[in-house]
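Numbering (this note's numbering), first residue to last: 1243 to 1581.
To keep things clear, I will list the structure first and then write my remarks on it.
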Amino acid sequence: KTLFCTCCFILFQYHVCGFMSPQFTLSASKLPATTRFVCSTYSSNLRFHGTRSLTMQTLESMVAKVKSTPRPTKGPDTLFKSIKKANGAQSICVEFARDSITPRQKLEYISLTIRRSKAAAIIVDTQHASEGGEEDFLEFIAEQRSARGSFPGPVPVVWRGNDQTVERVAKIAVAGAAGFCIPAEQISDETLVNLIHACHVLAIEPIVEVTDEKHIATAVKAGARIINIRFTSDAVPSFLNYAQIQLRADIPKECAALATALGRQGGAEIEQAQQLLQQGKFDGVLMSSLLSDAGQHMADRYVAYVIKEVLTKRSEQFRVNDVKASGTAGVPWAANDGR
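Pasting the structure below:
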């Protein structure tokens, strides 16, 4: 009852005062974490869907700003530094990709697990979710924001979706996204350049997904600093790894080179990711579709284990049962589970 009344009071203040009162801001910081999370999720939805902050006029002004800003432009580098670390340590990005048949679930705990595991970024793929993809994205942002001022701090959250427009870039920028995935293979060079420019103007970082040297050259010339080699082919993973390693040489040293390894392969994903990091000399690896069902038993432990093992500098044979498999016998991350 206390939590419910507190949330109602806060939401009332949001609509009446707009959270502008210094006294309210101070008192809100002392609220329980759960209360802050609920209110943060609510206000994030307001910003994303335009109920309050993101009016049509605001959106139009942001698009106009993109068009009127001269080129070339330079964006922020928080996500860049998270992937390409100054000390030379390699990084891992985790992708959440809920499929069309999996219902929405609470993502707060899995988001916390990813942060504690020291992932470089969370990519939220909304392309396949039949509904609720935007809500998934907003929930990750809200939970990561709750870690401001704490250790470890918030993990950058990146949007990946079908809507490749300047308007979409503006919406996710207001929602608090750190990055925006741009699939170069699916769009024209002109659209690629325009989206990179829009990201820079609106202070988010583009992650350009490439499949050949032409896309790399176009993206780098337009100012992109994070290049993700990501093939859409169904070829065997060993061949895709070889192709990525060969293409790695075309990515300039001043850029963050990000490889891609498919998650949930029953253990093979760990060896493949390590090969890309150790032999390909990539700055980081994106584990695509590593997580699709946050409600799956032991999903959080699986994600934490994969992140830990991929970043371990050794080569050996791993035995990991896929999260969707039945039973956990012989699974290292399932040992001594007290739950």
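Backbone N, C-alpha and C fix where the C-beta goes; we use that ideal spot for every residue, glycine too.
Only a predicted model underlies this, so the values are computations on that prediction, with no experimental measurement involved.
query                                                                                                                                                          : result
Counting Cβ pairs closer than 8 Å, one from the stretch 1443-1458 and one from the stretch 1424-1435, do we hit at least three?                                : yes
Would you list the one or two residues that DSSP bridges to Met-1304?                                                                                          : In the DSSP output, where bridge partners are listed per residue, Met-1304 has none listed.
According to DSSP, simplified to helix, strand and coil, what is Asn-1470?                                                                                     : strand
Tell me, please, which residues DSSP counts as bridged to Ile-1487.                                                                                            : According to DSSP, Ile-1487 bridges with nothing at all.
When you compare only the Cα positions, how much space is there between Ser-1480 and Met-1529?                                                                 : 15 Å
Tell me the residue span of the beta strand (DSSP E) that contains Ile-1493.                                                                                   : Run containing Ile-1493: none; DSSP gives neither H nor E here.
Pick from Ile-1383, Ser-1333, Ala-1384: whose alpha carbon is nearest that of Ala-1361?                                                                        : Ser-1333
To the nearest angstrom, how far is the alpha carbon of Asp-1387 from that of Ile-1414?                                                                        : The identity of residue 1387 in the sequence shown is Arg, whereas the question assumes Asp. Cα to Cα, Arg-1387 sits roughly 15 Å from Ile-1414.
Output yes or no for whether 8 Å exceeds the beta carbon distance between Ala-1591 and Pro-1398.                                                               : No answer is possible for residue 1591: the residues shown for the chain start at 1243 and end at 1581.
Assuming Ser-1534 and Thr-1320 are in contact, meaning their beta carbons sit under 8 Å apart, how far apart are those beta carbons, in whole angstroms?       : With a Cβ gap of about 27 Å, Ser-1534 and Thr-1320 do not count as contacting.
List the whole-angstrom C-beta distance separating Val-1548 from Glu-1513, where the pair is believed to meet the contact cut-off of C-beta under 8 Å.         : The Cβ separation is near 11 Å, so there is no contact.
Compute the Euclidean distance between the alpha carbons of Ala-1503 and Ala-1339, then round it to the nearest angstrom.                                      : 14 Å
Suppose the cutoff is 6 Å on Cβ atoms and the five residues either side in sequence are ignored; what does the same chain contact list for Ser-1353 look like? : Phe-1382, Glu-1385
From Ala-1515 to Met-1298, what does the alpha carbon distance come to, in whole angstroms?                                                                    : 43 Å
Taking C-alpha atoms, which residue in Ile-1469, Ser-1475, Gln-1486 lies nearest to Lys-1495?                                                                  : Ile-1469
Assuming Asp-1367 and Arg-1346 are in contact, meaning their beta carbons sit under 8 Å apart, how far apart are those beta carbons, in whole angstroms?       : So it is not a contact: roughly 14 Å between Cβ atoms.
Alpha carbons only, please: which of Ala-1412, Gly-1421, Ala-1466 is nearest the one belonging to Val-1435?                                                    : Ala-1466
So what's Ala-1501 in DSSP terms, helix, strand or just coil?                                                                                                  : strand
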